[in-house]
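One gets this note's numbering by counting positions in the sequence shown from 1 and adding 29 to each.
Note that CB positions come from ideal geometry on N, CA and C, so glycine has one too.
Reviewing the structure listed below.
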Amino acid sequence: MRRTWNFTKTNPNTGGGVDLAFNWNVADLTSPIATSALYNFEGGQWREVAGAPAVTASTLTFAGYTGALSPFAIADISLTLPMTWINFSAKKITPGVMLDWTTANEVNVTLYEVEHSVNGSIWGKIGTVAAAGSRGSHQYSFAHAKPSGGVNFYRILQRDADGRFSYSKVVSVTFDAQKKKIQLYPNPVTGETLNVVAVEQVPVRIVNSAGGTVMQLILQTGNNQVNAKSFGKGMYVLIAGSERIPFVVQ
């Protein structure tokens, strides 16, 4: 519908809400409306107003409205609106990081993939959360139990049933970086050899992005050369006790 309505009030409400009445001409319709729904523009986005308005061919009335008097619009309730990111935050917990996000209009959304990075450019999936897949706003949480020392970056990948997707904004949490007992280079690995320097003898294992172990070995003090030819391209993590060092094979 090619029309929006703006309301202002000159006096405070004297009751439990206000009654709103909307009228339009048939020429205002961009297409026939099967079932009308009222939408309110607030917080930078359009949101469906919960309730049961009375609707005719050219009018809509809503009794007892108590929300913000920002712009209103009317649309067909059967239309699928794009999913909207409302907020996304990360905070330290014991142990790890808690991620919280809120979305709206999830009619076609199937799932959310939580991604993590230690440099803001190379990302790996650390978890999946099923979407509610319905109208209205929805809140989600995900706990990352083992973040890295230093800066941890997070983002959420939203996937639709039709294959479309979108990303949230990027948030970060910083932990004090502990003195590392192991260093590796080059990172990313472009050849067949990964050099791992250890300050003492230590058992380690290397896991891929799916969490599967691809190698276990005991590092000797000093430089150790690891054959990375069989790893395949992707993101890996070298684990030695509580120390986790991500690296990429290209």
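Would you report the Cα separation of residue 278 and residue 194, rounded to the nearest angstrom?
26 Å
Excluding the five sequence neighbours on either side, which residues of its own chain have a C-beta within less than 8 Å of the C-beta of residue 231, listed in chain order?
210, 211, 247, 248, 269, 270
In the DSSP assignment, find the unbroken beta strand (DSSP E) run with residue 130 in it and report its ends.
126 to 133
Cutting at 8 Å between CB atoms, please list the residues of its own chain near residue 103, excluding the five before and the five after it.
Around residue 103: 30, 32, 51, 53, 62, 65, 66, 67, 68, 89.
Using only alpha-carbon positions, find the residue among 218, 267, 275 that is nearest to residue 257.
218
Using only CA atoms, which one of 75, 155, 177 lies nearest to residue 240?
155
Based on Cα-Cα distance, which residue from 265, 87, 75, 183 lies nearest to residue 58?
87
For residue 56, name the three-state secondary structure that DSSP assigns.
helix
CA-CA distance, residue 201 and residue 120?
When rounded, the distance between both Cα atoms is 9 Å.
Touching by the beta-carbon criterion (3+ pairs, under 8 Å), the stretch 125 to 132 and the stretch 93 to 100
no
Could you pull the start and end residues of the beta strand (DSSP E) that residue 164 belongs to?
Looking at the DSSP string, residue 164 is not in any beta strand (DSSP E), and its letter there is neither H nor E.
If I follow the unbroken beta strand (DSSP E) through residue 212, where does it start and stop?
211 to 214
Please confirm whether residue 160 and residue 135 have their CB atoms less than 7 Å apart.
In contact: residue 160 and residue 135 (Cβ atoms closer than 7 Å).
With the cut-off set at 7 Å, would you say residue 182 and residue 146 are in Cβ contact?
yes
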